[in-house]
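J.:
Residue numbers (this note's numbering): 9 to 292.
(1) Can you give the Cα-Cα distance for residue 181 and residue 84, rounded to whole angstroms?
(2) Terminal residues of the continuous beta strand (DSSP E) containing residue 95?
(3) Excluding the 5 residues flanking residue 202 on each side, which residues of the same chain have their C-beta closer than 7 Å to its C-beta?
(4) Between which residues of its own chain and residue 129 is the CB-CB distance below 8 Å, once the five residues before and five after are set aside?
(5) Pull up the distance between the alpha-carbon of residue 170 and that of residue 206, whole angstroms please.
(6) Excluding the 5 residues preceding and the 5 following residue 73 in the sequence, name in chain order all residues of the same chain whose CB lies nearer than 8 Å to its CB.
(7) Mind checking whether residue 126 and residue 143 have CB atoms under 9 Å apart?
(8) Measuring only the C-alpha atoms, how far is residue 57 from residue 184?
(9) Could you pull the DSSP bridge partners for residue 120 from this structure?
(10) For a test of the three-state rule: what should DSSP assign to residue 141, helix, strand or coil?
(11) Residue 189 by DSSP, collapsed to three states: which one?
(12) Look at residue 152 and residue 101 and say whether their C-beta atoms are less than 9 Å apart.
(13) Using C-beta distances below 7 Å, list every residue in its chain close to residue 120, excluding the 5 sequence neighbours before and after it, in chain order.
(14) How is residue 201 classed by DSSP in three states: helix, strand or coil?
(15) Assign residue 50 to one of three DSSP states: helix, strand, or coil.
(16) Residue 165 bridges to which residues according to DSSP?
(17) Let me know if residue 88 comes out buried or exposed under the rule of 16 or more other beta-carbons within 10 Å of its beta-carbon.
(18) Between which two residues does the beta strand (DSSP E) harbouring residue 170 extend?
What follows is the structure, given as structure tokens:
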């Protein structure tokens, strides 16, 4: 008969201590992992919001009346969002804000631009093309001339020079000074008053705008998953997001009529006064 080893009196204590440590550290590790994932998800959105806020502060400091986060129907029936609409001595100005770092490569007529950052290269839509849709929508609704401007509010550099219609936050004030500050006559003019009414009508349309973006990018799950919810920074399909969506729906003041499909038209790009680009060269 084999001799039996007497039980260790400390074993239950050691087991209980290990279980206690694991019971404390495991939830903490899960919480930290969730916080890290949330921080990675929120970082680009917070940067974008910070860039738009910096441009808004600069406009107010320079004395230019402006509207922010304007949502209105585009000519193709979809909703489009304009970061800023400013009033200058030369008329209305639609401003698209980008907050990027690294080196940016792109020309006025290119379909896509490229960002080089940390040894990685990524493509993004030409912001001039994006803002052209904003300008066309404002011209369509207001029946007046509208200019466009793209402002890079981050630390991005342009090794090959800034394309026409693009400025950085450092050169933004000088560009606005060249356009000139509006007079009281401009403020009371029909163009600015109509723009204010158009912006007021667009309040509460964020939910519909984001729904259109999600539908448009449904084939790109990673991009669709990163789109902000109607509440700004709350993930979609949560109880809080649904509650905020109901509150936004209740606060909507006036819906925009969507034109019939037969009457919709997509503005041409590039404009006729700009030479069309050559076929792109595959640089990959």
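Note that the Cβ used here is the ideal one computed from N, Cα and C, for glycine as well.
T.: Short version:
(1) 34 Å
(2) 87-96
(3) If we look at residue 202 and ignore the five residues flanking it on each side, its Cβ neighbours are 150.
(4) 122, 123
(5) 32 Å
(6) The residues are 94, 95, 190, 195, 200.
(7) no
(8) C-alpha separation (whole angstroms): 21 Å.
(9) DSSP, once it has assigned bridges, lists 133 as partnering residue 120.
(10) Taken through DSSP and simplified to helix, strand or coil, residue 141 comes out as helix.
(11) coil
(12) No, Cβ-Cβ distance for residue 152 and residue 101 is not below 9 Å.
(13) 131, 132, 133, 134
(14) helix
(15) Any reading at residue 50 must be qualified, since the residue scores a pLDDT of 46, below 50, and its modelled position is unreliable; the value itself is stated next. Reduced to three states, the DSSP call for residue 50 is helix.
(16) 111
(17) buried
(18) No residue range can be given for residue 170, since it is assigned to no beta strand (DSSP E) and is classified by DSSP as neither H nor E.
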